[in-house]
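Visitor: Submitted below is the structure of interest, expressed as structure tokens.
Numbering (the working numbering), first residue to last: 61 to 163.
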């Protein structure tokens with residue numbers, strides 16, 4: 061079963077676009093990593109939220125230790141007001157199979 065991750069970043073004032081730019085540089089590399097099913101950025105006025113889906117927990121672990129994440133961490137240095145909040149989620153499907161889960 062797929063592994064879903066939600067990563068929430070809180071930018072320093074005025075740094076939101078720089079965080080998005082960092083993800084824009086790294087995302088194509090992440091998309092090419094084994095097991096990456098989804099790696100998508102979303103934003104609000106005060107946060108950047110990354111929604112990820114990985115085929116297996118081992119793929120997620122390899123991603124976390126991989127070159128794209130090392131590059132991203134370097135690009136994000138000094139841009140965040142607090143550490144990234146990363147939550148690994150277990151799927152709990154319900155209702156309509158197409159609408160009741162992240163596919």
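We put the beta carbon where it would ideally sit given N, CA and C, even for glycine.
Remember, it's a predicted structure, so these values are computed and weren't measured experimentally.
Identify whether residue 162 lies in helix, strand or coil by the three-state DSSP scheme.
Guide: It is coil, neither helix nor strand.
Visitor: Determine the extent of the beta strand (DSSP E) in which residue 152 is found, giving its start and end residues.
Guide: That residue, residue 152, is in no beta strand (DSSP E); it is neither H nor E in DSSP.
Visitor: Would you list, in sequence order, the uninterrupted beta strand (DSSP E) runs of no fewer than 3 residues that lie entirely inside the segment 70-142?
Guide: As far as the segment 70-142 is concerned, its whole beta strand (DSSP E) runs of at least 3 residues are 96-103 and 108-114.
Visitor: Can you round the beta-carbon distance between residue 147 and residue 65 to whole angstroms, since I take them to be within the 8 Å contact cut?
Guide: About 7 Å; that satisfies the 8 Å criterion.
Visitor: Going by C-alpha distance, which of 61, 154 and 107 is nearest residue 145?
Guide: Here the closest residue by C-alpha is 107.
Visitor: Helix, strand or coil for residue 144 per DSSP?
Guide: Three-state DSSP puts residue 144 in coil, outside helix and strand.
Visitor: Rounded to the nearest angstrom, what separates residue 102 and residue 77 at their Cα positions?
Guide: Near 12 Å, if we compare the C-alpha coordinates of residue 77 and residue 102.
Visitor: Is the separation between the beta-carbon of residue 141 and that of residue 70 shorter than 7 Å?
Guide: The answer is yes: Cβ separation under 7 Å.
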